[in-house]
Ligand SMILES: [Zn+2]
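Numbering (this note's numbering), first residue to last: 5 to 376.
Right, dumping it as structure tokens:
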């Protein structure tokens, strides 16, 4: 590994602006780089379905070691504001000047992948089959991963089942293997309009109906594995009108689908009871944002990687996380992902920073895993 080259590569990449839906310039940079490193490339153009402009990049580096291949995955898009990043290096960290995000999420992950490939090529190291999967639009509802047309992916380019996703906030050594399923919910309440001062008794107030329904819902932490939240309640009438329309948005996430469905049913019941009480109407719209991520091999892969960290004196920790990512979407296609820490902190904010040592350590672990 060449640490200096790695930092230079990171600094070069964070200066390429690549917000969700507009990653093309960065994707072209990466395609060129992966080709130079000897990768066979396949591009998926799923972005045409959602108005983005960058392909999902598949790259393959045929190995000469037996054993299962491994996929290295990361996302190309970054959270705004990310134009004109002015990085400041202070001892062991890289941060911004406080006006932009750093883009370490997830360019630190991509830096790690590139340095792994460079080191292998430069030293002619024996390695297993390596597949690289770089997605656009992860931060905007995982649209890149969701829109991959798997039926068109050539069979020789289909990534290996075991996938190392280098996109976890926190230190090197963290290995996330389980993440919740998530539903977005929209509750709509319809009442009856009336003049609020002259004849309020003729109206049915949809805001009050929503309030009644919400007050009977269990919101927040439901159990160890399940959470819910109300995000907005919207009704915009002047105060002299009995509001006849109110829309509430919420989410439910959890590690067990049955429990989520049980909560959805209980929410529906609360809405129904409120509608009966008020003589109004309700409707519920559910959107399954992503399925749960669960290990498909009884944690074999996660534990193998934990051992690699321990071998290089990095304390490993297997983790269950509360947020979804590309891994949740890819799990549907049969991929077995672990999401590893790469030293990024305070991501999605202008205080984001990267701990250089953690970036090195995770890269070292990946290199060791692939070449043994
Ligand atoms: Zn990320």
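Built from N, CA and C at the ideal position, the CB exists for glycine as well.
Computed from a predicted structure; not experimentally measured.
Between the region 107-127 and the region 346-358, can you find at least three pairs of beta-carbon atoms closer than 8 angstroms?
yes
Assuming the contact rule is C-beta atoms closer than 8 angstroms, residue 268 and residue 357 should be a hit. Round their C-beta distance to whole Å, please.
That pair is no contact at about 39 angstroms.
Hey, is residue 101 close to ligand 1, as in C-beta under 7 angstroms from one of its heavy atoms?
no
In chain order, what residues place their C-beta within less than 5 angstroms of a heavy atom belonging to ligand 1?
109, 110, 171
What residues match up with residue 65 in a beta bridge as DSSP calls it?
134
Measure the Cβ-Cβ separation of residue 172 and residue 312 and say whether it is below 8 angstroms.
no
Cβ neighbour criterion (16 or more within 10 Å) applied to residue 233
exposed
For residue 239, name the three-state secondary structure that DSSP assigns.
coil
Just verifying my parser: in three-state terms, what is the DSSP assignment at residue 23?
strand
Give the DSSP bridge partners of residue 254, in chain order.
189, 234
Measuring CB atoms only, is the region 114-133 touching the region 62-78, in the sense that at least three cross pairs come out at less than 8 angstroms?
yes
List in chain order: all unbroken beta strand (DSSP E) runs of 3+ residues lying wholly within the region 117-174.
134-139, 166-173, all fully within the region 117-174.
Using DSSP bridges, identify the partner residues of residue 75.
135, 167
For residue 170, which option in 282, 331, 58 has the closest C-alpha, if you only look at C-alpha atoms?
The closest CA to that of residue 170, considering only 282, 331, 58, is found on 331.
In three-state terms, what does DSSP make of residue 314?
helix
Determine which residues share a DSSP beta bridge with residue 348 and list them.
173, 358
Suppose you measure from the CA of residue 90 to the CA of residue 101; what does that come to, to the nearest Å?
6 angstroms
Assuming the contact rule is C-beta atoms closer than 8 angstroms, residue 278 and residue 216 should be a hit. Round their C-beta distance to whole Å, please.
4 angstroms
So residue 48 and residue 153 are in contact, right, with Cβ under 8 angstroms, and what is the actual spacing, rounded?
Contact flag correct, Cβ pair sits at about 6 angstroms.
In whole angstroms, what is the alpha-carbon distance linking residue 34 and residue 18?
13 angstroms
Which residue's Cα is closest to the Cα of residue 310: 321, 300, 161?
321
For residue 359 and residue 97, the rounded distance between their alpha carbons:
Between the C-alpha atoms of residue 97 and residue 359 there is a straight-line separation of about 5 angstroms.
Kindly identify the DSSP beta-bridge partner or partners of residue 82.
For residue 82, which the question treats as bridged, DSSP gives the partners 23.
If I follow the unbroken beta strand (DSSP E) through residue 294, where does it start and stop?
Run containing residue 294: 285-294, per the beta strand (DSSP E) assignment.
Can you pull the DSSP bridge partners for residue 245?
Paired residue(s): 199.
Please list the terminal residues of the continuous beta strand (DSSP E) segment that includes residue 418.
Because the chain here runs from 5 to 376, residue 418 falls outside it and cannot be looked at.
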